[in-house]
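**Q** First residue of the sequence shown? That's 1 in full-length UniProt numbering, and the numbers climb one at a time after it. By construction, the Cβ of each residue, glycine as well, lies at the ideal position given by its N, Cα and C atoms.
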Amino acid sequence: MECCKYIFGLVFFLYTVQGDILDNYVRTDGAWILGQESTTYRTLTKGACAIKCETETEFICRAFLFTAKEQQCITLRDNTKTASVFRKAGAILFEKRMYLLECRIGTGVDYRGTESKTQNGVVCQKWTDNSPHIPNFTPSLYPNASLEENYCRNPDHDVKGPWCYTTNPETRFDFCNIPECEEKCMHCSGENYRGKVSTTESGLTCQAWASQEPHAHGYIPSKFPEKNLISNYCRNPDGEPRPWCFTSLLTKRWEFCNIPWCAKSPPAITGHQCLVGNGEDYRGNVGVTESGKTCQSWASQEPHTHGRTPENYPCKGLEENYCRNPDGETRPWCYTSDPTIRWQYCNIAKCDDVITVTAAVPVVPPQIPPQVPQQVPQQVEDCYDDNGSSYRGTTAVTTTGKKCQAWISMRPHHHTKTPSAFPDADLRRNYCRNPDGDKAPWCYTTDPGTRWEYCNLQKCSPETSQSLALNIDCRVGSGRDYRGHVATTAKGRTCQEWQAQVPHEHTSFTPETHPRSGLEKNYCRNPDGDSNGPWCYTTDKNTGWEYCDVPQCPDSADDGCGKAKYSPLLCFGRVVGGCVSNPHSWPWQISLRVRYNNLHFCGGTLIKPQWVLTATHCLDRSSSPSFYKVSLGLHTEEASEPSAQHRNVQKIFKEPYRADIALLKLSSPVKITNEVIPVCLPSSNVVVEGGAECYVTGWGDTKGTGGEGLLKETGFPVIENKVCNRPEFLNNRVRNHELCAGNIDGVSDSCQGDSGGPLVCEEQGRYVLHGVTSWGLGCAQPMKPGVYVRVSRFIPWIERILREN
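#1: According to DSSP, is T616 helix, strand or coil?
#2: Considering only the alpha carbon of each residue, which of I652, I259, H304, D438 lies closest to R194?
#3: Which value, in whole angstroms, describes the spacing of the CA atoms of Q496 and N542?
#4: Output yes or no for whether 7 angstroms exceeds the beta carbon distance between P332 and R324.
#5: Considering just the uninterrupted stretch of the alpha helix (DSSP H) at W797, what are its terminal residues?
#6: In this structure, does DSSP put V723 in helix, strand or coil?
#7: Where does F729 fall in DSSP's three states?
#8: Rounded to whole angstroms, what is the Cα-Cα separation between L249 and C257?
#9: Specify, as a first and last residue, the run of the alpha helix (DSSP H) that C548 falls within.
#10: Nearest-angstrom Cα distance between R411 and C602?
#11: Quick one: what does DSSP say K46 is sitting in, helix, strand or coil?
#12: Examine the Cβ distances between the segment 677-695 and the segment 586-593 and report whether three or more of them are shorter than 8 angstroms.
#13: Determine the closest residue to T446 out of Y628, C206, R242, E693, with distance taken between C-alpha atoms.
#14: Distance, Cα to Cα, W244 vs C460?
#15: Rounded to a whole number of angstroms, what is the C-alpha to C-alpha distance between N732 and D327?
#16: Just verifying my parser: in three-state terms, what is the DSSP assignment at F94?
#17: Tell me the DSSP secondary structure of A741 in three-state form.
#18: Distance, Cα to Cα, G449 vs C404?
#19: Can you tell me which of V476, R451, H646, N805 puts its alpha carbon nearest to the alpha carbon of Q458?
#20: Please list, in chain order, all residues of the same chain as D549 whose beta carbon is under 6 angstroms from its beta carbon, the five residues on each side excluded.
#21: Take E37 and list the residues in its own chain whose beta-carbon comes closer than 8 angstroms to its own, dropping the five residues that flank it on each side.
#22: Assign D29 to one of three DSSP states: helix, strand, or coil.
#23: Roughly how many angstroms lie between the CA atoms of P441 and A406, to the nearest whole one?
#24: CA-CA distance, P625 and T616?
#25: Can you give me the Cβ contacts of P568 inside the same chain, cut-off strictly under 8 angstroms, excluding the 5 residues immediately before and after it?
#26: Using 8 angstroms as the threshold, is the segment 147-154 in touch with the segment 101-119, meaning 3 or more CB pairs across them?
#27: Taking just the CA atoms, how far does F509 sit from W261?
#28: Report the rounded CA-to-CA distance for T82 versus T400, giving the unit in angstroms.
#29: Taking L147 as part of the beta strand (DSSP E), name the residues at either end of that continuous run.
#30: Below 8 angstroms CB to CB, which residues in the same chain sit around N228 once its five sequence neighbours on both sides are set aside?
#31: Determine the closest residue to P503 out of D528, C536, D530, with distance taken between C-alpha atoms.
#32: If you follow the beta strand (DSSP E) that T309 is part of, which residue opens it and which one closes it?
#33: Please report the straight-line C-alpha distance between T118 and V687, rounded to a whole angstrom.
#34: Under 8 angstroms: do the segment 154-174 and the segment 195-210 share three or more Cβ pairs, one atom per stretch?
#35: Considering only residues of the same chain and omitting the five flanking positions on each side of G544, which have a CB-CB separation below 8 angstroms?
#36: Quick one: using the 10 Å Cβ neighbour count with 16 as the cut-off for buried, is K665 buried or exposed?
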């Protein structure tokens, strides 16, 4: 090895911006960092702020902060790799992708990652240190080479790539093991491919990832920021053997792309012998499942045929029959050698034993005989006093409907608010808390693009009887749907019209940029979903914007959709052999019955006091409305409880293009009670992202597993249609107007008698109807999730029928 490193001249870093300038940045909402060097500007848009970062001359800009209301732009020398991250409402952090990459392009002159060990595992010496080696490359001599800390760099354009001085006195310097970024070709399965090929192998143009046309899908870029779903470039976000994209051809949903293999052999993957994260880099030798089943060899197709082969997944360590996680599951798994059990998870010891976590044992309700349950309302709406530091409830959802991240977890957001660091804050599971004395309970979210948000909670102080009687201009929740006429701020300042640019020029929130936010005249609105409620720009030139004093509305039958009065169990078990629901915790569930014998045969969902949504195939028994009746307010299939209401069916409306969804108009409106409440409908054409947790309920067949005659529930994730249509799942049977949900191991599913019933997902503290139970291949069969009609695709039809009838 050569003994020293010399170079004459300076290294200059060039950064070329192509396409949308923001494509070169990773966005995180609600995050703020305090950099050692920064410059503050006033800009109208995020794009203008990005240009300020690109053209910054005072320092190398690695990130910028943008606040839409203040229109403040702060360019930063630091990013989340070099500075601490704080929570701040309304702030958006944009980090240059290139400074977050842990791979190199070419010789790695532009590598700005944080690898700090040599290829032989020796820790690097800091570039500013003179011991054990006096360096020829220092930050002062090469200011553009980013010689920070002890990170591997390539200031002299060495053809072998990034290197560093070592902390071993016997070895002056050594090269680092930095993998190549895959831009022109791909290694492994192309998970790290970041090139710009945007046509499929048959020549079809790719659909943009941010678009839902012509193919609706769950790979929403903001939900998967780590997948680099930019423009319409080919990517591999879901563990396929190689990159792919949705196509712009209506008759062809998706196709692989023709990305060439890199000439070099795939990079060696250094794995762990214990569990880190979800275990994608686990390379230990455990070869039995958590139930003691011996694993099937990955190279074998007996007893289970599969596509997770060493050839298809060359970098996933699929050796022998060892447990692995080649496709991004929650933890390592394997196919089993038992022909009756396709696959199971493995029990791998965690590497991090600093915090000992006692797993909560699921509580399975006792199987009780059908009887009228004691009807004592358990109010779902938690509340908090003062700033909520003493709040100990179980709400785990934010004001915008995002699920909370567990406090002990470091994924997707690394943080310091752990149970051990805040022992008195009761940081259990993922419940909303206020460990740091903020103004209200909050949590880190499971959305990688949103670091934290306040929780969907209100203060315990009740409304006064006077304010209730007045029925004044009011809002529900954060007031995102508020369309009242308050036009002054809480401090008495008159609001500026949203269309106006005087006295405050702004482009972030206008009627054009937010056409569905009701930005009329100068009325207070909440176009950005601010958890504190409606706001406006003011006519005071010295005050940019302020919140408005719009009170919360009292609950009513009209705005109380999707909010049960009895606490749901939220069981992630299974309808076939799983959890009996808490009585009346799903008050929109109806029982569709034969009128003359009162026999239950299908489910359905109350969407309005006189309207029920069900499956078309449930109406095959007769075309006459008089054949059917609907029962509501039930927990028992027997329907004998005092809360039960019964209505005949007056009219039937089947979807005209033969989709499996139908509307029933009841003979008269039902009475809204604690046990009978409509569900909320989704916005038109909205798509639920893959992995979202949703719930199905019904009195269907339990296959002899208990709980017959009582309403049962199961929770499981939505599965993106592309994944669900794989050969090993439903083999292209699922259509665009349908969605899949279930556990691929087959332990959870809906079954006969559940048809027509609801699949609901929690959003902003309410349950929204996203699916109508339609069909499946058997009940709870491995690799055969249930299929549901996607309700959002039929909102215009539903609204038209309700309006005209």
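**A** By the coordinates alone:
#1: helix
#2: Across the set I652, I259, H304, D438, the C-alpha of I259 shows the shortest separation from the C-alpha of R194.
#3: 13 angstroms
#4: yes
#5: It spans 795-804 - the alpha helix (DSSP H) in which W797 sits, taken as one unbroken run.
#6: Helix.
#7: coil
#8: 15 angstroms
#9: Counting along the chain, C548 falls outside any alpha helix (DSSP H), and DSSP gives it neither H nor E.
#10: 40 angstroms
#11: helix
#12: yes
#13: E693
#14: 51 angstroms
#15: 20 angstroms
#16: DSSP places F94 in strand when its eight states are reduced to three.
#17: strand
#18: G449 and C404 have their alpha carbons spaced roughly 13 angstroms apart.
#19: V476
#20: A490
#21: A distance below 8 angstroms between beta-carbons, with the five flanking residues on each side excluded, links E37 to the following residues of its chain, in chain order: E58, F59, L76, R77, D78.
#22: strand
#23: 14 angstroms
#24: Those two C-alpha atoms are separated by around 13 angstroms.
#25: V380, S581, N582, S585, W586, Y695, E713
#26: yes
#27: 46 angstroms
#28: If you take the alpha carbons of T82 and T400, they lie about 30 angstroms apart.
#29: Looking at the DSSP string, L147 is not in any beta strand (DSSP E), and its letter there is neither H nor E.
#30: R97, R194, R235
#31: The shortest Cα separation from P503 among D528, C536, D530 belongs to C536.
#32: Per DSSP, T309 belongs to no beta strand (DSSP E) and is neither H nor E.
#33: 45 angstroms
#34: no
#35: Residues of the same chain with a CB within less than 8 angstroms of the CB of G544, apart from the 5 flanking positions on each side, are K69, E70, Q71, H504, Y537, T538 in chain order.
#36: buried
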